[in-house]
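Residue numbers (my numbering): 50 to 279.
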């Protein structure tokens, strides 16, 4: 069942479920929604709209803390702290398509596994007007790795960075294609740690204070890039 706009409380998902709310506002007001599922479970969230309406708070609007697979489609998250926090405690998958995570006081999407391999596929994400666009990092977690593929997305006008990638022990591999990373106040793309690998193609990185910053040991490749900075 989907609800119209209102203060209906938080959602806590602990098993496989498909929630299809396209055309409705699933939630407004300050709430903390969690997905904590097992490795065989799959959660599909389609068409949800989360708006804290001036009360961003300090915790993510949607937090994934288990394993298994999460799909977020055709949704909007705005006016919160961090929009989506993906911190699995085992091998997990995340798929984001045609979703806007805009104007949040924290990051748009954070990918920070504590252990295991996280596979993340993003297609058609708008992460604008946040503190940062997308953060993929496992700097303090020796047993965690990330494979991030992002295409057809826009990480722009954020207060700090468009994309941050960081890893030391296991690989953090980020592949960006046909995307725009522009007009971020600090850095367009920042990569830190000896096991951070970033590959960018067919994309525009423009209008950022600094286009990209890479620390020593980082693997980086860019092809067919339109590049400029302020």
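The beta-carbon is built from N, C-alpha and C at its ideal position, and this holds for glycine as well.
The structure presented is a predicted model; accordingly, all values stated were derived computationally and were not measured.
1) Going by Cα to Cα distance, which pick from 127, 96, 126, 139 is closest to residue 85?
2) With C-beta atoms as the reference, is residue 159 less than 7 Å away from residue 118?
3) Express the C-alpha separation of residue 166 and residue 8 in angstroms, rounding to a whole number.
4) Applying the criterion that 16 or more other CB atoms from any shown protein chain within 10 Å of the CB defines a buried residue, is residue 150 buried or exposed?
5) So within the segment 84–129, which uninterrupted beta strand (DSSP E) runs reach at least 3 residues, ignoring any that extend past its ends?
6) Check whether the Cβ atoms of residue 225 and residue 199 lie closer than 7 Å to each other.
7) Count the other C-beta atoms from every protein chain shown that fall within 10 angstroms of the C-beta of residue 89, then say buried if there are 16 or more, exposed otherwise.
8) Tell me whether residue 64 sits in a helix, a strand or coil according to DSSP, three-state version.
9) So, at 6 Å on beta carbons, what are the nonlocal neighbours of residue 203 in its own chain, with the 5 sequence-adjacent residues on each side left out?
10) Any idea what DSSP makes of residue 256, helix, strand or coil?
11) Report all residues from its chain with a CB closer than 6 Å to the CB of residue 172; omit the five preceding and five following residues, and keep chain order.
12) Out of 82, 232, 94, 121, point me to the one whose CA is closest to residue 129's CA.
13) Can you look up residue 178 in the DSSP assignment and give me helix, strand or coil?
14) DSSP puts residue 240 in a beta bridge; with which residues?
15) Nearest to residue 232 by alpha carbon, out of 217, 244, 87, 256?
16) My assumption, with CB atoms under 8 Å, is that residue 95 sits in contact with residue 127. Please give the rounded CB distance.
17) DSSP three-state call for residue 75: helix, strand or coil?
18) Specify the secondary structure class of residue 59 as computed by DSSP and reduced to three states.
19) Let me check understanding here. Comparing Cα to Cα, which of 112, 108, 101 lies closest to residue 63?
Let me spell this out:
1) The residue given as residue 85 occupies position 36 in the chain shown. Comparing Cα-Cα distances from residue 85 to each of 127, 96, 126, 139, the minimum goes to 139.
2) Here residue 159 refers to the residue found at position 110 when the chain shown is read from its first residue. Here residue 118 refers to the residue found at position 69 when the chain shown is read from its first residue. Contact flag unset, no.
3) The question about residue 8 has no answer, for the chain in this structure spans 50 to 279.
4) What you label residue 150 is simply residue 101 of the chain shown in a count that begins at 1. Label assigned to residue 150: buried.
5) For the segment 84–129, the full-length beta strand (DSSP E) segments reaching 3 residues or more read 91–95, 98–100, 111–113, 117–122, 125–127 along the chain.
6) Here residue 225 refers to the residue found at position 176 of the chain shown. Here residue 199 refers to the residue found at position 150 of the chain shown. In contact: residue 225 and residue 199 (Cβ atoms closer than 7 Å).
7) Here residue 89 corresponds to residue number 40 of the chain shown, with the count starting at 1. With fewer than 16 Cβ atoms within 10 Å of its Cβ, residue 89 is classed as exposed.
8) What you label residue 64 is simply residue 15 of the chain shown in a count that begins at 1. Annotated three-state conformation of residue 64 is coil, per DSSP.
9) Residue mapping note: residue 203 aligns to position 154 of the chain shown, counting from 1. Around residue 203: 175, 229.
10) Taking the chain shown and counting its residues from 1, one reaches residue 256 at position 207. Here residue 256 sits in strand by DSSP.
11) On the chain shown, position 123 is the one that residue 172 refers to. These residues qualify, in order along the chain: 146, 200, 201.
12) Indexing the chain shown from 1 puts residue 129 at position 80. Nearest neighbour of residue 129 by Cα position, chosen from 82, 232, 94, 121, turns out to be 82.
13) To locate residue 178, count along the chain shown from 1; it is residue 129. Reduced to three states, the DSSP call for residue 178 is coil.
14) Mapped onto the chain shown, residue 240 falls at position 191. In the DSSP output, where bridge partners are listed per residue, residue 240 has 214, 263.
15) The residue you call residue 232 lines up with position 183 of the chain shown. Among 217, 244, 87, 256, the Cα nearest to that of residue 232 is on 256.
16) Here residue 95 refers to the residue found at position 46 when the chain shown is read from its first residue. Here residue 127 refers to the residue found at position 78 when the chain shown is read from its first residue. Rounded to whole angstroms, the Cβ separation of residue 95 and residue 127 is 17 Å, and the two are not in contact under 8 Å.
17) Translated into the one-based positions of the chain shown, residue 75 becomes position 26. Annotation note: pLDDT 49 at residue 75 (below 50); position unreliable, coordinate value reported separately. Correct three-state label for residue 75: coil.
18) As a first step, residue 59 must be located in the chain shown, where it is residue number 10. For residue 59, the three-state secondary structure derived from DSSP is coil.
19) In the chain shown, the residue the question calls residue 63 occupies position 14. Out of 112, 108, 101, 112 has the C-alpha closest to the C-alpha of residue 63.
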